[in-house]
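Numbers 1 to 274, taken from the working numbering, label the letters of the sequence shown in order.
Where is the CB? At the ideal position from N, CA and C, for every residue including glycine.
This one's a predicted model, so the numbers in the text were calculated from it and none came from an experiment.
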Amino acid sequence: MEPRLQRRVQRYGWDKAAKFYEDSWKDQLKQGQQKLLEMADIKPGEKVLDAACGSGLVTFEVANDISTNGTAGEVVAIDLSGEMISLAESKAKSLGLSNITFERMDAENLDFENETFDVALNSFGLMYIPDPVQSLKEMHRVLKPGGRTVISIWGARKNCGWAEIFPIVDNRVASDVCPLFFQQGTGDTLKKSLEMAGFKNVEVDRFMVDLHYSSQDEAIIAAFAGGPVALAYQKFDTQTKEEAHAEYLNSIEEFRVNGGYSVPGEFVVAKGEK
Numbered sequence: 001m002e003p004r005l006q007r008r009v010q011r012y013g014w015d016k017a018a019k020f021y022e023d024s025w026k027d028q029l030k031q032g033q034q035k036l037l038e039m040a041d042i043k044p045g046e047k048v049l050d051a052a053c054g055s056g057l058v059t060f061e062v063a064n065d066i067s068t069n070g071t072a073g074e075v076v077a078i079d080l081s082g083e084m085i086s087l088a089e090s091k092a093k094s095l096g097l098s099n100i101t102f103e104r105m106d107a108e109n110l111d112f113e114n115e116t117f118d119v120a121l122n123s124f125g126l127m128y129i130p131d132p133v134q135s136l137k138e139m140h141r142v143l144k145p146g147g148r149t150v151i152s153i154w155g156a157r158k159n160c161g162w163a164e165i166f167p168i169v170d171n172r173v174a175s176d177v178c179p180l181f182f183q184q185g186t187g188d189t190l191k192k193s194l195e196m197a198g199f200k201n202v203e204v205d206r207f208m209v210d211l212h213y214s215s216q217d218e219a220i221i222a223a224f225a226g227g228p229v230a231l232a233y234q235k236f237d238t239q240t241k242e243e244a245h246a247e248y249l250n251s252i253e254e255f256r257v258n259g260g261y262s263v264p265g266e267f268v269v270a271k272g273e274k
């Protein structure tokens, strides 16, 4: 897919997914997000970029970490989806957090001066960016010397039991939602991409997780309405939705546990230094 069109698909797709996202993915992504924060080792007073912030699951954790004992830090959180930004802004206001700035922005073209941030994060967003190395180069550019970036992504396709969602949707509507979704998580690709972007001392942690769904409906909502295929899914008529649901549930049938599902997935978390 042409990059400009891919960005458009991602922007409006995540606009559609925003209201389902946290209920669908907050618990499922937690282990990967916690590993990202652990590797980032963010200190009070630091200025942090959270690229592809989504609804703010990582943003709010960082906001608390950087402002303790009277030391004020700052988080700048960006996302391509306006609906995600609005959702995160509303949540920040309800939490009384004043050290976060939200902006709708393309992660491949950051509107910041060189050497602005101490830390740059991207939690489960790099897979959706048409040119991930360009995005990493931009993160490198806006980091101060000695700064660090930490990236979390999904791993290899063969290790993600839910991966059939993409061909199931693409077979019904020509969406080509994420043609390279698993590329960065396969082999040493992410490490090499970080090095190509200029990062040094790259370290990578790869680990398996289980995604738990209590029912068929919960698994269906997460896969179709709360994730990257949401824009294509909203084009389906009732019959097409029912057929796609049945095919997806069949693809994860081997992971049935006590009426629900325990679907395997793989996370890759990598850290690089400037």
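Buried/exposed call for SER111, threshold 16 Cβ in 10 Å: A small fix is needed here, since residue 111 is Asp in this sequence, not Ser. That one is exposed.
Start-to-end residues for the beta strand (DSSP E) that takes in GLY272: 260–273
Other residues of its chain near GLN33: CB distance less than 7 Å, five sequence neighbours each side excluded: LEU57, VAL58, SER123 and SER152
Beta strand (DSSP E) segment containing GLU164, residue limits: It is not in any beta strand (DSSP E) - GLU164 carries neither H nor E in the DSSP assignment.
MET208 versus ARG256: straight-line alpha-carbon distance, rounded: 18 Å
Unbroken alpha helix (DSSP H) run spanning TYR233, endpoints: 230–233
The ligand HEM heavy atom lying under 7 Å from the CB of TRP14: This structure lacks the ligand HEM, and indeed carries no ligand of any kind.
Proximity of PHE102 and ALA120 at Cβ, strictly below 8 Å: no
8 Å CB neighbourhood of SER55 in its chain, flanking five on each side removed: ALA18, TYR21, GLU22, MET84, LEU87, ALA88 and LYS91
Reference CYS160, options SER251, ILE220 and ARG11, closest by Cα: SER251
Inside the stretch 64–109 only - beta strand (DSSP E) runs reaching at least 3 residues: 74–79 and 100–104
Start-end ranges of the beta strand (DSSP E) lying completely within the stretch 194–242, minimum 3 residues: 200–213
C-beta atoms of TYR248 and ALA270 nearer than 8 Å: no
Where PHE126 falls, given that 16 or more other Cβ within 10 Å makes a residue buried: It should be pointed out that residue 126 corresponds to Leu in this sequence rather than to Phe. By the neighbour-count rule (16 or more Cβ atoms within 10 Å), LEU126 is buried.
Per DSSP, cross-strand counterpart(s) of ASP111: ASP111 pairs with nothing; no bridge assigned.
Distance, ARG148 Cα to GLY272 Cα: 6 Å
Assigned exposure category for ARG4 - 16 Cβ within 10 Å defines buried: exposed
Rounded distance between the beta-carbons of ILE78 and ILE42, thought under 8 Å: So it is not a contact: roughly 17 Å between Cβ atoms.
Distance, LEU97 Cα to HIS50 Cα: In the sequence as displayed, the identity of residue 50 is Asp instead of His. The straight-line gap from Cα to Cα measures roughly 15 Å.
Beta-carbon separation (whole angstroms), LEU95 vs LEU136, contact threshold 8 Å: Contact doesn't hold; Cβ gap of about 30 Å is too wide.
Proximity below 8 Å, CB of SER24 to CB of GLY226: yes
Close beta carbons around ALA63, own chain, < 6 Å, minus the five adjacent residues each side: VAL75, LEU97, ASN99 and ILE100
Neighbour flag for GLY73 against chain D, beta carbons, 8 Å: Considering every chain present, this structure includes no chain D. It has just one protein chain.
Under the three-state DSSP convention, the category LYS26 falls into: coil
Beta-carbon proximity check, VAL169 vs VAL229, cutoff 8 Å: yes
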